[in-house]
Structure formats: structure tokens, C-alpha cells
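For the sequence shown, position 182 (counting from the first letter as 1) is numbered 182 according to the UniProt record's numbering, and the numbering increases by one without interruption.
Below is one structure, written out as C-alpha cells; the observations come after it.
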Amino acid sequence: MTDNKFYYFGLLRNILLLEIVFLFIMSLFRTLFFLFAPLKIEATFVNYLETFLFGLRLDLSVLAYVFALSFLFLSTAYIFRKYLSLKIIQTILLIYFFLTFILISLIIATDIGFYSYFADRVNIMIFGIMDDDTKALWEIAVKNYNLTFVFTAVLLYMIAIYKLVSTFLFNIKPIHLSNFGLLKHITTFLFIAVLTFLAIRGSFGTFPIYHWTRDVTGNNFLNKVSKDSTYLLLQAYREYKKSKKGQRNYIKEMGYSGHIEDAFKLLSSKKEINSTNLYQAITYKTPSNLLLEKHPVNVVIIMVESFGTPILKYQSETFDIERRLKKHFQSDDIRFKNFISTANGTIVSMEPMLLNLIARPGSVPYGQSLFSGISFKQAGAKVYKKKGYETSYIYGGDLSWRNVGRFFPRQGFEHVEGKAKIEEELHLDPELATHDWGVYDKYLYNYIYKKLKNARKPQLIYAMTTNNHPPYVISKEYKSKKLILSKELKKHLKGDLDLIKKRLYDYQYALDMAGRFLDMIKSSPLAKNTVVVITADNNTIEGSMNYDNFLQESKQIPFYIYMPKSIKPKNIDLSTPGSHKDIFPTLYNLTLSDTSYIAVGSNLLDKNITHCGFNNSGIIVSREGAFMLNKPQNQEEQKCQQLYKASLAVTDYLVKTQLHQKDKK
């Protein structure tokens, strides 16, 4: 009769073989990222080989963790094998490996889906999405994907994984070993334990492989492909938890620990500042303007969902994506053309802009963190409120989204209004006037127009639209204009072309409605006393596009300003670079007289300072072009990098100082 212990050795061998097979499956998953690859990848065969080998090592590290637990369990069972049924051990291992492999597969699939939309591997934003409107997210999945096919494929995959695991765990051939005494047992198990530890660590260096942040190639896409989904998700979760607790120290990261006043000096261009009141260093004052004092103007800031500007270069008669917005963007109105978003999501762009800050990388929204109860003294709307303006925050969706209904009343907005208020005021039928995320943009603009017409005080209105967002549903009453994709445009698109076309028609609707609103303003008495800004939260269509100059184009959004001619300045340099941080400082100087304000950003009309745009992904735009953080190519870019680091340090100081002041109360 064969000794039972020989079956344990056979089981151990099969577990190792099973992990090798799944390691191969994980590498196959990695190839799916190439479905969303740039049009041209400048890389050699060796670069590709390095990418997959590094990815293999990371995947092996994850599977080594999986093996470690099974090895510990199997070793314990081996010691007590006389009292345990081998079949029970096999069943427990079957459940363990099946569930673990399915979990890893789910994480990888999530990562692939995330990349298809954001053009980036899974990061802290995934938890922001999970904090979002889950019902609307489900509607996106229902409308954009064939869920029957997806669930069928998932079921078949699960069956295949179950068959794979059960085959390796139950079809065991014993390994017969002669003269295998206690010393050999100990040596063998220690040898396997050491190999497992080395596989987990993935490196003989100071740090384990998952802390190894070097690029494996000079190609950004291949560097992204080489990463492991599980480690990325764990890293994102750690950052999420840390940022929830406010533990990340941006002042230290930017090199200003112990001398934050130097960051204020650099940012304000002041050699001497009051170190006991650093807010004074970034407190500015607009020039006196008697016309504005006597006749204050309304200020309307529209943040159009996902309105990136690179797509506009394909505007034509056959690809009329701008429609009614075109004549306004091509007029002599103000439009800064070297402008980027501060972040790559809606709330993480909206909040910093409205708080006169820059986005802090890897942080969660203020309204969903320890900062949610703070009334920030530098908030943009407070400046207008102090000047006698009626201030409104209007969102086309539900105010429960990202806690905006609770957070923004603290930031200087007298009125914080959402979908329900718009439906009520305009007597809308929700079945006809709303989509998954809120009211159609047309009705948001109608509500703003009504508010302006009925106003008895000067108005500051900030509004966020909801169209141009998955699942890309357009009002049934709207007649789209056919979009014909040129060969040049098709060459710059990637992913599901049918879904992209659906997205572009919603894009067209969003831009057309913005143009329609400008038509309404300019053709009414409001044209003489209203300033309208058109900007965006981000350029998320970048996940579906290939850019000729990724750094320069991928984060571009509009900063358009319509102003009555009576107060519009002349000789504005529209090539001045900037980002969300500069919107309020610029507007203060255009619309308010003799008014003090606190801001991290700058007035884009000021020709005496260095202007730059900052995105929290590390992309910085300067007059000399765009570059990545820590990779400046000239003196101008070096200045912008220094300003970015100072801006981030100052932002961190402002928010944490006010948090600590709140805690002391």
C-alpha cells in the first residue's frame, strides 16, 4: 500500500504546476491592455520582452502570496496526516484556489475596464467611483454593455477555472521518495519556504519588487502594461485610507518641511512676508473700477462635463461637433487656448477650483473626508458674496452626489440647487427631462437663464452639467446632426468605435446646448451685464484617443469668457498657460473693483508673472510646452516646476491649517 505522505508530495507538485498555469493566464490578461494601445508604440522587441518579464515577476509575487498560505496549510495537514482525510484537504484547497483565482481575475478585469475609460491603470480614483452614484453606474453598465454576454462569459470562465483547479488538485500521482527522513523533510520544506519568500519579494535588493518604481522602458504605455493589477489596487486602497485620514504630507513631499514660508514667498513673488500670517502673502487686490462699482455684472461659470478641447480640431461641416457653440468660440470673445484641468475627474477638479486651490494628487474629495465640515476662508464664492452678490451652486444631478449638497453651502454659496429644484421650477416631466445622471443640459441652462432674468441682485452662478457622460443618453426631442468621422480622426481613435460614436453625439449635444445658452444671453438684455465662462472638469475622452502630443493635448479644456464690450480689456494674450486654479483670480480682476481675495492661482491677465497650468497627474504646461513633473527641459519649465511644488505645499498648508483650527474649536 502506498504511503499517504507520497500523495501529499504529489499534491504539492500539482499546486506548483497549477500556479504556473495561472501565471500564464495572468500574462494573457496583460495582453488585453494592447486593445487600448496608442496608435504607434516606439519600442523594440527587447522593450516588449522587458515589459512582460517585469509583469511576470510582479504576478509571480502575487501568486507566491497565494501559494504561501496553501503551503502553510498543507504543511500543517502533512504533520497531522494520520488524523485528516486527504479528500477533505483537497476540497479545502479547491475552494481556496478557486475563490482566490476568481478574485484576482475580477481585479484584473476591473483594471482593464478602468484603463479603457481613463487611459490609466487602476488607482485611487476607483474608490471615488465606488463612492459615486451606484444606481447610475449600474445604468451605465446596462446601457453600454451586453450584460447577457458579459455574465455568460464570466460564468464560462468561472467553470473553466473550477475545472482547472479541480483537475490539478484531484488527479494526483504520488511521488515515491526513498530514505526520506526527518532531516530531508525539514530541508525540503525550508527550501520551499525560502523560495516562496524570494518569489514574494521579487528582488534581492533593498526593497521588494512592489516598491520598485523604476520604468522598465522609455515608453509610457509599456510601463503601464508592466504593472500588476492586484498590487495597484492595494496601493490605491492604502492611498485612499491614508488620504481619508489626512496623513499624506505634501509639504514634506514637495521639499518644504520646516520652511513652508519659502513656498509662500515663491508663489507670491514676495521677498519678505509675515511668517505669523502666511495668508497675507497670497492675498491680492483687484484694481479700482468705477464702472463695475456702479454697475456690477452677473458672473456665470459653466463647467461642461468632460469637455476636452483636442477633439475640436476635427470640427468641420461634416463633423460639426460644436454646432451653436462654434460661432462663439470663433468670435473675438476671450478664449485661453493653453489651458488644462487641475485633475482627471469631476469632483477632484470642481472642488479645488471652487476653493482657489490646486488638486492634491492621490487625495479623496474634501466633501467626503475630514475636511467636509470646514468653511474654507479662501473659497471663491465668498469673495463675491462679500461684495453683495447672490451666490448659487447649481448641479444638474442629485445633491447627494459626492456630498455636494452638504459641502458647498459652507463655501460661500447661499443656494445649492440640484435636479429636484430644476424640475420643480421648470415644471418638468422627469421621464422626458432627465437621464441617468440628472436633467438634460438644456433644462439646466433654462433654469440658469430664468434665475438671471428674475434676479434683483448681481448673481454669481456656478453650474455643472451632466450630459457628455456615460451612458451617453440624449434628449429624445433633440435632433442630432450627423457626424462623419474623417480618416484622420479615425486614425486618432481607439477602442469600441460604436461606443465612441455614441459618446461623440452626446458630446455634440453638450456643446450645442452651451452654444444655445450663449445665444440666449447675447440676444437678451443680459448681454450688457453678464459675464459667462465656459470651462470643463476634465478631458476624459483621452481614454479613447491617440494624441500627436500627449502631454500637450491630453488634459486640455476650454477657458472661454464672454464679457460685455464696456468692460472687456484689450490685448489679452490668449496663449497664456493656466489651469483651474486661475479661473477665479482672473474673474475677480475682470469683474470686481477694489476687492481682496486669497488664491493659489493667478490672474492670467497679469503679464508680470510666470504663468503655468498644473494637472495632478504630474503634467505641467508652460509657455515653452508641456512636460512631466521632475522632467523640465528648459528654464521656463524649471520655473513652472518650482511653482507647482510651491503651489501644492501651500495648498496643503491652507487646508490642514484650517482643519486643525476647526479641531481646536
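Ideal Cβ positions, reconstructed from N, Cα and C, are used throughout, including at glycine.
Residue range of the alpha helix (DSSP H) that includes residue i
i: E488; result: 487-491
i: S306; result: No alpha helix (DSSP H) contains S306, which DSSP labels as neither H nor E.
i: T196; result: 182-201
i: residue 676; result: Outside the shown range of the chain, which is 1 to 665, sits residue 676, and nothing can be said about it.
i: Y117; result: 86-118
i: I251; result: 250-253
i: Y462; result: Run containing Y462: none in the alpha helix (DSSP H); it sits in the beta strand (DSSP E), 459-464.
i: T591; result: 583-591
i: L35; result: Element bounds for L35: n/a, residue is neither H nor E.
Where the beta strand (DSSP E) containing residue i begins and where it ends
i: S596; result: 596-598
i: V416; result: 415-417
i: K285; result: 283-285
i: M563; result: Counting along the chain, M563 falls outside any beta strand (DSSP E), and DSSP gives it neither H nor E.
i: I619; result: 619-622
i: K390; result: The question names Lys, but residue 390 in the sequence shown is Glu. 390-395 is the span of the beta strand (DSSP E), which, as asked, contains E390.
i: V531; result: 530-536
i: I334; result: 334-336
i: F149; result: First-last for F149: 147-170, but that is the alpha helix (DSSP H), not the beta strand (DSSP E).
i: M628; result: 625-628
8 Å Cβ cutoff met for residue i and residue j
i: A359; j: T342; result: yes
i: M254; j: L504; result: no
i: L56; j: N546; result: no
i: T535; j: I583; result: yes
i: residue 666; j: P558; result: Residue 666 lies beyond the stretch modelled for the chain, which goes from 1 to 665, so this question has no answer here.
i: L325; j: N47; result: no
i: E396; j: L460; result: Residue identity differs from the one stated: residue 396 is Gly in this sequence, not Glu. Contact: no.
i: V650; j: V600; result: yes
i: L169; j: L74; result: no
i: H492; j: P352; result: no
i: L93; j: S70; result: yes
i: I620; j: C640; result: yes
i: Y366; j: F407; result: yes
i: D398; j: K419; result: yes
i: Y250; j: F127; result: no
i: R81; j: N179; result: no
i: D120; j: E305; result: no
Sequence-distant residues of its chain with Cβ nearer than 6 Å to residue i (five each side left out)
i: A68; result: T196
i: L526; result: L452
i: V348; result: A359
i: N616; result: A343, A359, P361
i: S229; result: I107, I108, D111
Own chain partners of residue i with C-beta closer than 7 Å, once the 5 adjacent residues on each side are dropped
i: P470; result: I140, N144
i: R623; result: P577, E636
i: T591; result: L292, V297, V299, V531
i: M1; result: Summary for M1: the model assigns pLDDT 37, below 50, so the residue's position carries little reliability, and this model does not support an answer.
i: K555; result: I340, S341, N539, N615, I619
i: V122; result: T110, D111, F114, S229, L232, L233, A236
i: L605; result: P569, I572, T586, N589
i: F33; result: I112, Y115, V225
i: L63; result: E19, F22, L23
i: L426; result: Y443, N446, Y447
Spatial neighbours of residue i in its chain, beta-carbon cut-off 8 Å, leaving aside the 5 residues before and after
i: P287; result: N589, S593, D594
i: I321; result: I311, L312, Y314, Q315, L483, L504, Y507, Q508, L511
i: T283; result: S596, Y597, I598
i: T100; result: V66
i: T167; result: none
i: L266; result: Q642, L643, A646
i: L659; result: G246, L370, F371, I374
Distance between beta carbons of residue j and residue i, contact taken as under 8 Å
i: I394; j: Y447; result: 7 Å
i: L357; j: A381; result: Contact doesn't hold; Cβ gap of about 14 Å is too wide.
i: G543; j: F118; result: 5 Å
i: L86; j: Y7; result: 6 Å
i: S392; j: E417; result: 7 Å
i: V154; j: E50; result: About 32 Å; that fails the 8 Å criterion.
i: I273; j: A281; result: 4 Å
i: N219; j: A43; result: 5 Å
Selected residue, minimal CA-CA separation from residue i, among the options
i: R323; options: I124, A514, S524; result: A514
i: H185; options: F9, K285, Y237; result: F9
i: I334; options: K327, L94, M563; result: M563
i: L278; options: K294, L290, I260; result: I260
i: residue 724; options: N538, N467, I172, K479; result: Absent from the structure is residue 724, since the part of the chain shown begins at 1 and ends at 665.
i: I41; options: K224, R121, N14; result: K224
i: N467; options: K442, Y449, L489, K457; result: K442
i: S486; options: L551, K476, E317; result: E317
i: V364; options: K377, M350, F376; result: M350
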